[in-house]
Every structure is written in structure tokens, then in C-alpha cells.
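Going letter by letter, the sequence shown gives residues 1 to 317 in the working numbering.
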Amino acid sequence: MSKDYYKILGITEFESQEAIKNAYRKMARKWHPDVAGNSEEAVLKFKEINEAYEILSNKIKKEEYDRARRFYSYATSKDNKFEKKTKQEDKKGFSFNSFKWKKAQDCPIPKRGENIYTDVELSVVEAVTGVTKTVNMLQTQICPKCGGRKFIKGNICTSCKGKGEFTSYKKFTVKIPAGIKDNSKIRLAGEGSNGINGGQNGDLYITIHIQEPKTYKTDGLNILKTIPVTPHEAVLGADIRISTIKGNVVVKIAPNTQNGQKIRLAGCGIVQNNKVGDMIVTIEIKIPQQLSNEEINLYKKLAEISTVNIRDTLYEN
Ligand SMILES: [Zn+2]
Numbered sequence: 001m002s003k004d005y006y007k008i009l010g011i012t013e014f015e016s017q018e019a020i021k022n023a024y025r026k027m028a029r030k031w032h033p034d035v036a037g038n039s040e041e042a043v044l045k046f047k048e049i050n051e052a053y054e055i056l057s058n059k060i061k062k063e064e065y066d067r068a069r070r071f072y073s074y075a076t077s078k079d080n081k082f083e084k085k086t087k088q089e090d091k092k093g094f095s096f097n098s099f100k101w102k103k104a105q106d107c108p109i110p111k112r113g114e115n116i117y118t119d120v121e122l123s124v125v126e127a128v129t130g131v132t133k134t135v136n137m138l139q140t141q142i143c144p145k146c147g148g149r150k151f152i153k154g155n156i157c158t159s160c161k162g163k164g165e166f167t168s169y170k171k172f173t174v175k176i177p178a179g180i181k182d183n184s185k186i187r188l189a190g191e192g193s194n195g196i197n198g199g200q201n202g203d204l205y206i207t208i209h210i211q212e213p214k215t216y217k218t219d220g221l222n223i224l225k226t227i228p229v230t231p232h233e234a235v236l237g238a239d240i241r242i243s244t245i246k247g248n249v250v251v252k253i254a255p256n257t258q259n260g261q262k263i264r265l266a267g268c269g270i271v272q273n274n275k276v277g278d279m280i281v282t283i284e285i286k287i288p289q290q291l292s293n294e295e296i297n298l299y300k301k302l303a304e305i306s307t308v309n310i311r312d313t314l315y316e317n
């Protein structure tokens, strides 16, 4: 028995799997080549830590290891002959690892790759008309060479440099169908993380988020917009500029336009396939926040000369 894996991880034999995992993470962080450097000592230590975790995190391997460890400590304390023999084996390069795990490595268990989840933001127009989006996402794949074990026959895997996985950006082109609803999910089968040992790939799930536009609402292909006009524009009529998806257009407001009156701008809505919606403008009569003294005086004059009571119809008597 060449190595005490418990000692390597700084724990006792009776720790939980959670504690073993935590101890491993702590040690692996400390001795990772990115942190501890590539000195012979650091590399060896990192290798030992991973070897220890590979054994202790696997129920079957751990049981066998514990049995062998107990037997070894029994033998060294009680039976000098056995100790001698074991020590000789040590010198010849007896390795618990290579000796025991043949079976486990010959029959690797296929493991399905993990699902990956991401989000895509769409404008309302994109959601209505459908769009093709490129999603660039960070993906972690288990190293295909070492299968995530980080070591191959006791040596650091040259492919992943002992990380056990690769992290890279992968681009996906996603066709988003017309009329998609907010919070819909699109599943791209097999585009998740790679499966291990012949296991299936995971899936990629994309959640759609439709951004609420600040200046308009939509109703099918129609765009609904509220446009403020001043009292004098409403009374006298005016030419007002409105931005549409076709660019700015000048719209005539008729004299004596009422609050809530609607104007339809044909063909200024959303375009989808061969169909096009309209823009429906709702007039909102609004008093400017800042009025000059001169304007206030004119309103005073208006109040003096006005003879119409527009609330007449509201009174019963
Ligand atoms: Zn590898």
C-alpha cells in the first residue's frame, strides 16, 4: 500500500462524501497548476489529490481501498513478514491504483451529457415576424481523451492538461418561429454537453424573453402608439411628425380633434411574409408642464370669453 489517500486530502476515513468532495475541492484549488505552478512537487501533489479523489469519491473503489488499507495497517503492525513483502512490492512499483481498477476501467458506464440552459432576448417585431439568432455560449465539455479523469495511466492528461474538461464558446444558429410567446422554451436536442463513454449528449434549452417596447404596443401585426398633442394643436389642427418602422411620417391632425381619437396609418405596422400591419395612433391631449406667463394670460382671457359649459349634460336638474 503506497499511498494514504485520506492523508493526502487531509481527512479521516469516516468522513461523508460531501466532506470528501469539499476537501478535494479545497486541495485541488490550492495545488492546481494555474495556482501552484508547474514545479515537480506541485504537479505530483496535484496528481495525488486527483488520484485520491478518484478512489474516495467512488463507492466501490473506496470500499476496496478501505479494505486494503485496513489489511495493510493490520499486517504492518502484526506481521513483520508481510510488511517486508509489501515494502518490497512498494519498491517494485506496487501501485494500488493499477492493481485494483482494471475492472472498473474496462467497463465504463455511459453517462448522458448535461443539459445547458440559456436565454435569448427578442424585440416585439422579431417575436411577431420570426428571426434567426446566433447564440454564443460558454460550454463545458468533458475531456474526450481522459474522460474527465484528468490522468491517463498516472500521467496528467496532455489533452486537457489535468483539468478534465474544456471550456469554450460555441455558436448556435437558432431559428425562432413567427408569433413566439414570451417565456417560451426552444429545445435543441443533442446540443448540450457531450455524453461520456458513449452516453447521449444533453440538450440545449433556450428561453425566449420578449422586450416590452417603451413607446408602443402591438396587436398582431398592428403597432399601437399614443401621441400627445397640445390643446391648441387639437383645436386648430396641426401637422405632427410620428416615427414609424418606415421612418418619420407627417400626419395631419384635423381641427377640433378630440382626446382618444384614433388615426390609422395604413401599411406602417409589422411586416411578416407578404402581410403588413397598420400603425394605429391614439391622440392624447396634453397640457405642457411649463407654460409662459403670456400663455397663462391667454388662457385667462379664454376663460373670460368662453360661454360653453361642456359639463351641461352631466347635470340632471
Ligand atoms: Zn483530459
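Virtual Cβ for every residue (Gly too), placed ideally from N, Cα, C.
Give a single yes or no on whether residue i has its beta carbon closer than 6 Å to a heavy atom of ligand 1.
i: Lys217; result: no
i: Cys268; result: no
i: Lys145; result: yes
Measure the beta-carbon distance from residue i to residue j and round it to whole angstroms, keeping in mind my assumption that it falls under 8 Å.
i: Asp239; j: Ile208; result: Not really, about 40 Å apart at Cβ, beyond 8 Å.
i: Glu54; j: Arg149; result: 6 Å
i: Ile109; j: Gly202; result: Actually they are not in contact, since the Cβ atoms of Ile109 and Gly202 sit about 16 Å apart, beyond 8 Å.
i: Thr218; j: Val124; result: 5 Å
i: Leu224; j: Val276; result: 15 Å between Cβ atoms; not a contact.
Taking all protein chains shown into account, do 16 or more other C-beta atoms lie within 10 angstroms of the C-beta of residue i, making it buried, or fewer, making it exposed?
i: Glu40; result: exposed
i: Asn50; result: buried
i: Lys30; result: exposed
i: Val249; result: exposed
i: Tyr24; result: buried
i: Ile287; result: exposed
i: Glu304; result: exposed
i: Ala178; result: exposed
i: Val120; result: buried
Give me whichever residues DSSP pairs with residue i in a beta bridge.
i: Thr173; result: Thr134
i: Tyr117; result: Tyr205
i: Asn222; result: Asp219
i: Leu9; result: Leu9 pairs with nothing; no bridge assigned.
i: Met279; result: Ile223, Leu265
i: Gln272; result: Lys275
i: Arg241; result: Val250
i: Asn155; result: Ile152
i: Leu122; result: Ile210
i: Thr307; result: Answer is none; Thr307 lacks a bridge partner.
i: Thr140; result: Thr167
i: Leu188; result: Leu204
i: Pro228; result: Glu284
i: Ile55; result: Answer is none; Ile55 lacks a bridge partner.
i: Ile49; result: Beta-bridge pairing links Ile49 to no other residue.
i: Lys111; result: Ile196
Following a CB-centred definition, is residue i positioned closer than 6 Å to any heavy atom of ligand 3?
i: Ser159; result: Of the ligands this structure carries, namely ligand 1, none is ligand 3.
>> Does the structure place the stretch 244-256 close enough to the stretch 195-206 that three or more beta carbon pairs sit under 8 Å?
In response: A contact is defined here as three or more CB-CB pairs under 8 Å, and the stretch 195-206 fails this definition with respect to the stretch 244-256.
> Does the stretch 130-150 come close enough to the stretch 224-239 to have 3 or more Cβ pairs within less than 8 Å?
Replying inline: Proximity of the stretch 130-150 to the stretch 224-239 falls short of the contact definition, fewer than three beta-carbon pairs being nearer than 8 Å.
> Taking three-plus beta-carbon pairs below 8 Å as touching, is the stretch 302-312 in contact with the stretch 161-179?
Replying inline: No: fewer than three Cβ pairs fall under 8 Å.
> Does the pairing of the stretch 52-68 with the stretch 10-22 give three or more beta-carbon distances under 8 Å?
Replying inline: Touching, yes.
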